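Everything below concerns the one structure shown next.
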Amino acid sequence: MALDLARWQFGITTIYHFLFVPLTIGLSVVVASFQTAWHRTGRTEYLRATRFFGKLFLINFAMGVVTGIVQEFQFGMNWSAYSTFVGDVFGAPLAMEALLAFFLESTFIGLWIFGWDRLPRRVHLACIWAAAIGTNLSAYFILAANAWMRHPVGYAIDPVTGQARLTSIWAVLSNDQAWSTYLHVVSAAFVAAGLFVAAVSAYKLLKDRDPREHELFRRSMRTGFVVTAIAGVLVTLSGDHQAKLMAQYEPMKLAGAEALWQDEHGAGFSIFAVGDIRDGRNHVNVQVPGLLAFLATGSFDGDVQGINDVQQRYVQLYGDNDYKPNIGVLYWSFRLMIGLGLAGVAISVVGLWLTRRGRLFPARWQYGLVIAALPAALLANIVGWVLTEMGRQPWTVHGELLTAASVSPGVSLAEVAISLGAFTLVYLVLAVIEARLLFRYVKAGPAAVMPYPTEDEPEKTDDRVPAFVY
418 MALDLARWQF
428 GITTIYHFLF
438 VPLTIGLSVV
448 VASFQTAWHR
458 TGRTEYLRAT
468 RFFGKLFLIN
478 FAMGVVTGIV
488 QEFQFGMNWS
498 AYSTFVGDVF
508 GAPLAMEALL
518 AFFLESTFIG
528 LWIFGWDRLP
538 RRVHLACIWA
548 AAIGTNLSAY
558 FILAANAWMR
568 HPVGYAIDPV
578 TGQARLTSIW
588 AVLSNDQAWS
598 TYLHVVSAAF
608 VAAGLFVAAV
618 SAYKLLKDRD
628 PREHELFRRS
638 MRTGFVVTAI
648 AGVLVTLSGD
658 HQAKLMAQYE
668 PMKLAGAEAL
678 WQDEHGAGFS
688 IFAVGDIRDG
698 RNHVNVQVPG
708 LLAFLATGSF
718 DGDVQGINDV
728 QQRYVQLYGD
738 NDYKPNIGVL
748 YWSFRLMIGL
758 GLAGVAISVV
768 GLWLTRRGRL
778 FPARWQYGLV
788 IAALPAALLA
798 NIVGWVLTEM
808 GRQPWTVHGE
818 LLTAASVSPG
828 VSLAEVAISL
838 GAFTLVYLVL
848 AVIEARLLFR
858 YVKAGPAAVM
868 PYPTEDEPEK
878 TDDRVPAFVY
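So this note's numbering is basically just the index in the sequence shown, starting at one, shifted up by 417.
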């Protein structure tokens, strides 16, 4: 069906785009922090770290922009019925993102790139911080639009056209789903960005090609660990709040993520379950007693709604339909998100302890473990979005618009199949280019962007450093 292929296409482009978004959000602040450290201390290793990780940040940023633009075209190509229904509401935060946040972000990134030997130090430092603020502000507007789909507020249905009309932009932007989701997503982005910095640093230390880089990458690796550890705490706290909002606004998603089939008092958190989705029951379910009730309600004795009971309530409320999402996908996405995310944070905490007081890892395999934590963190971010979006099904706008009614009526199966194949092929090529560029500059190291001085030429650490050329 065209609907299924259109969903696959949007899912592929979204997941691919979200490989770059967390790194862009987190790396912008990390790079700005490195430059701030150089500005305050004058230490050359902070300048090299700024230039080195700044180059990796810009490669990732460029790819994120390219892949993000494609998503907006899909709204009109494959989801015109959805666009018609939500355009008046959904368009407002997206327009604010483009005109305010992205403009701020892209303008000051440009000034930062070409202003190294042209702008005063403080002005140049302000440019990267403005770009970082724009990056994170951009994320808020986009997440506010997405949160509206899960908890629509500040709108009214036009009785003539049947379309959603915006009545309060403030209600959309202050939606409790919006700020809670923002805190959770951005915290998770910093986990991924911190592990990116740590993994790149671990790779350079493992290869041990230039002893002059040891102190630089020891410091940057510990910086990555610190960022990941702090962000891990925020992810945990915001995740707890997200679970409570899920129980309030999206009980089917929470029940599906836990394979909880019936309403239950003091429900336990499922560690491992084997069940029958058709019959709506579990054959095996290993649980932590009362934990799900606490996550959902704040009380170990709280009541949590189950899949079968929510289905019956939705039929009475919205009409006859199957309102159950893909339970298997939700259940295992939830566990992968938590497990992989906690593993990355744990590696960072242990890494901070092992590298204290100027030490390096005593064993080579420990560097490999830090490197492996990066793809795990990226996967945790991806499956988190799979949980969010698949858990909303069969709705595109919860309680208002079904996904089956959102697809473009004039797009044929063949047209969607051709565009799906073309996009997938192009994205594979872009993935290869991205990977090769990142690996090339990681392998080249800081010397590629700021050569080490010779014996006859002292190190330059003032405003006369060479231009930051790309």
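Where is the CB? At the ideal position from N, CA and C, for every residue including glycine.
A quick note: this is a predicted structure, and the numbers were derived from the prediction, not measured.
So for residue i, helix, strand or coil by DSSP?
i: His700; result: strand
i: Tyr740; result: coil
i: Ala884; result: With a pLDDT of only 42 at Ala884, under the threshold of 50, the placement of this residue in the model should not be trusted; the figure read from the coordinates follows. Ala884: coil per DSSP, three-state reduction.
i: Thr578; result: coil
i: Leu759; result: helix
Applying the criterion that 16 or more other CB atoms from any shown protein chain within 10 Å of the CB defines a buried residue, is residue i buried or exposed?
i: Phe711; result: buried
i: Gly581; result: Per the sequence shown, the amino acid found at residue 581 is Ala instead of Gly. So Ala581 counts as buried.
i: Gly571; result: buried
i: Tyr620; result: buried
i: Thr430; result: buried
i: Ile574; result: exposed
i: Pro668; result: buried
i: Arg635; result: buried
i: Leu473; result: buried
i: Ser829; result: exposed
i: Arg695; result: exposed
i: Gly493; result: exposed
i: Val603; result: buried
Can you list, in chain order, the residues of its chain with a C-beta nearer than 8 Å to that of residue i? Leave out the 5 residues immediately preceding and following it.
i: Val811; result: For the record, residue 811 in the displayed sequence is Pro; it is not Val. Closer than 8 Å at Cβ, skipping near neighbours: Asn738, Asp739, Tyr740, Pro742, Leu819, Thr820, Ala821.
i: Val705; result: Gly685, Phe686, Ile688
i: Pro826; result: Ser497, Ala498
i: Tyr844; result: Ile429, Thr430, Tyr433, Thr484
i: Val614; result: Leu444, Val447, Phe470, Ser637, Met638, Thr640, Gly641, Val644
i: Val833; result: Ala419, Leu422, Ala423, Gln426, Asn495
i: Gly579; result: Phe502
Using a Cβ-Cβ cut-off of 6 Å (strictly less than) and excluding sequence neighbours within five positions of residue i, which residues of its own chain qualify?
i: Ala664; result: Leu671, Ala713
i: Val800; result: Ser750, Leu753, Met754
i: Asn798; result: Pro439, Ala605, Ala609
i: Gly551; result: Ala518, Leu521, Glu522
i: Phe525; result: Cys544, Ala547, Ala548
i: Ser585; result: Gly571
Give me the residue from the options with the minimum Cα distance to residue i.
i: Phe689; options: Pro863, Leu708, Trp749, Trp770; result: Trp749
i: Met638; options: Ala616, Leu651, Pro668; result: Ala616
i: Asn592; options: Leu747, Met494, Ala561; result: Ala561
i: Asp726; options: Gly715, Gly692, Leu677; result: Leu677
i: Val732; options: Gly707, Val644, Glu832, Gly816; result: Gly816
i: Thr598; options: Ile574, Ala660, Phe613; result: Ala660
i: Val932; options: Phe437, Leu854, Ala419, Phe502; result: The structure shown does not extend to residue 932, since the chain is modelled only from 418 through 887, so no value can be given for it.
i: Ala790; options: Leu554, Ala763, Thr484; result: Ala763
i: Pro510; options: Pro868, Val603, Leu583, Ala423; result: Leu583
i: Gln783; options: Ser765, Leu795, Gly775; result: Ser765
i: Arg567; options: Phe531, Trp802, Leu422, Ala423; result: Trp802
i: Thr841; options: Leu420, Leu528, Trp425; result: Trp425
i: Glu806; options: Val691, Ala449, Val746; result: Val746
i: Arg457; options: Gly785, Ala780, Arg539; result: Arg539
i: Ala515; options: Pro779, Leu622, Val482; result: Val482
i: Ala647; options: Leu662, Glu681, Gly611; result: Looking at the sequence itself, residue 647 is Ile, so the reference to Ala does not match. Per the Cα distances, Gly611.
i: Asn563; options: Leu536, Trp587, Ala595, Arg695; result: Ala595
i: Asn699; options: Ala556, Gly723, Ile486; result: Gly723
i: Met480; options: Pro537, Ser500, Phe435, Met513; result: Phe435
i: Met513; options: Pro537, Ser555, Asn477, Gly493; result: Ser555
i: Gln491; options: Ser836, Pro537, Arg857, Leu536; result: Ser836
i: Glu489; options: Phe856, Ala780, Phe507; result: Phe507
i: Thr653; options: Phe607, Gly697, Tyr557, Ile559; result: Phe607
i: Ile744; options: Leu536, Gly775, Gly673, Pro779; result: Gly673
i: Thr453; options: Val487, Gly527, Leu542, Ser500; result: Leu542
i: Leu623; options: Glu851, Ile788, Arg535, Val824; result: Ile788
Short of 7 Å in beta carbon distance, which residues of its chain neighbour residue i, apart from the five on each side in sequence? Order them along the chain.
i: Phe451; result: Tyr463, Ala466, Thr467, Phe470
i: Ala793; result: Leu757, Ala760, Gly761
i: Leu633; result: Glu462, Arg465, Ala466, Pro863
i: Phe717; result: Gly683, Gly707, Ala710, Phe711
i: Gly838; result: none
i: Leu600; result: Leu651, Ser655
i: Phe437; result: Asn477, Met480, Gly481, Thr484
Quick one: does the C-beta of residue i sit closer than 7 Å to a heavy atom of the ligand MG?
i: Gly862; result: The ligand MG is not part of this structure, which contains no ligands at all.
> Mind pulling the alpha helix (DSSP H) runs of 4 or more residues that sit fully within the segment 642 to 723?
Replying inline: 668 to 675, 708 to 714
> Enumerated in chain order, which unbroken segments of the beta strand (DSSP E) with a length of 3 residues or greater are wholly contained in the segment 581 to 642?
Replying inline: 581 to 583
>> Suppose only complete runs of 4+ residues qualify. What are the alpha helix (DSSP H) ranges in the segment 517 to 557, listed by chain order?
In response: 520 to 531
> What runs of the beta strand (DSSP E), each 3 residues or longer, lie entirely inside the segment 481 to 518?
Replying inline: none
>> What ranges does the alpha helix (DSSP H) occupy inside the segment 772 to 852, keeping only unbroken runs of at least 4 residues that lie completely in it?
In response: 781 to 809
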